[in-house]
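In the numbering used here, the protein residues as written are 31 to 381.
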């Protein structure tokens with residue numbers, strides 16, 4: 031009982047800093063619609079919520095949170111895809127956007143092939159970010175797609191894809207094993223948790239406590255090791271290789287299905303040293319250009335199109351910093367700039 035009292039005392043009130051850390055007032059994740067259709071799609075809503083089903087021409091854009099985040103948002107600021115959706119609507123074309131925070135190329139591959147099994151995709155644009163090649167996990171929304179055995183069988187074509195499926199199967203087996211083996215202690219604890227949740231909103235407080243502890247440890251780690259936005263993020267070789275192979279699979283699939291493929295290097299601020307090993311980053315740029323030339327893929331480098339004054343700041347990630355530089359998200363006017371570059375990119379390549 032003393033533990034419950036102490037727990038309620040410490041975590042009764044929600045900490046606003048937790049919300050600010052995840053999605054703060056400086057970087058706002060935008061959810062908006064045009065004519066009742068979502069600007070940014072996700073797998074939790076029907077695809078019909080994002081497109082006009084009477085229109086048969088479909089352009090798909092996949093990237094990370096840069097596509098749905100705005101720094102220091104003002105009232106008349108809109109996302110890149112807001113402008114593009116409006117422009118392509120005039121030419122009787124659906125412009126569909128998926129923004130996966132910290133999304134890996136492997137996740138892009140899974141999502142791309144799943145969407146193409148549901149609608150006819152005519153063109154796909156992939157936003158290439160060096161940081162995303164350091165990602166190796168596959169989020170639950172995407173692993174659940176393989177519950178569809180027909181999709182799973184079609185996806186399972188070669189060793190790389192089998193490796194992806196093996197990772198997903200392993201994740202699911204761990205969860206299944208944990209859920210199926212309930213001891214007497216588990217049963218008692220579940221009933222106690224149910225009572226505490228009914229009387230005292232226990233689950234919300236537990237989530238709040240977990241997040242607060244994680245956030246404080248994360249900030250303490252960054253403080254102790256002096257980690258900041260300009261700290262160099264080195265390549266993770268195994269994840270990098272997996273993502274490169276997934277990129278090659280995206281190319282093969284596009285060629286097989288006769289889908290026009292577009293790669294662009296995402297904007298990054300250049301008034302401050304970027305948080306990458308410059309040799310590794312430059313190798314990434316060279317590889318992107320080379321593979322695009324080799325397979326005749328439409329390619330553009332947009333890394334320097336956003337003026338320095340249109341980048342912004344985010345909530346600090348260390349106990350000694352209130353705010354810090356944001357290398358990934360920019361302000362509203364920059365979204366309009368990026369939309370113009372993407373539109374011209376498509377228009378100048380047989381659109």
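Idealized CB from N, CA, C, for every residue including glycine. Since we're looking at a predicted model, the values are computed, not measured.
- The C-alpha of residue 371 lies about 41 Å from the C-alpha of residue 247.
- For residue 290, DSSP records a beta bridge to 153.
- The distance from the Cβ of residue 69 to that of residue 122 is about 18 Å, inconsistent with a contact at the 8 Å cut-off.
- By the neighbour-count criterion, in which a residue is buried when 16 or more other Cβ atoms sit within 10 angstroms of its Cβ, residue 361 is buried.
- In this structure, residue 89 lies near residue 118, with their beta-carbon atoms less than 8 Å apart.
- Counting the other Cβ atoms within 10 Å of the Cβ of residue 141 gives 16 or more, which makes it buried.
- Pairing residue 270 with residue 340 gives a Cβ-Cβ distance that is not under 8 Å.
- By the Cβ rule, the region 221–231 does not count as touching the region 179–187, because fewer than three pairs are nearer than 8 Å.
- The region 292–306 makes contact with the region 155–162: 3 or more CB pairs, one atom from each, lie closer than 8 Å.
- Short of 6 Å from the beta carbon of residue 107, and not among the five residues preceding or following it, lie these beta carbons of its own chain, in chain order: 100, 362.
- For the region 80–166, the full-length alpha helix (DSSP H) segments reaching 4 residues or more read 110–119, 135–148 along the chain.
- Put simply, the backbone Cα of residue 308 is about 42 Å away from that of residue 78.
- Membership of residue 319 in any beta strand (DSSP E) is not indicated; the residue belongs instead to the alpha helix (DSSP H) covering 308–324.
- Across the set 324, 305, 283, the C-alpha of 283 shows the shortest separation from the C-alpha of residue 187.
- Going by C-alpha positions, residue 72 is about 10 Å away from residue 172.
- Around the beta-carbon of residue 214, fewer than 16 other beta-carbon atoms lie within 10 Å, marking it exposed.
- Residue state for residue 197 is assigned as helix, using DSSP reduced to three classes.
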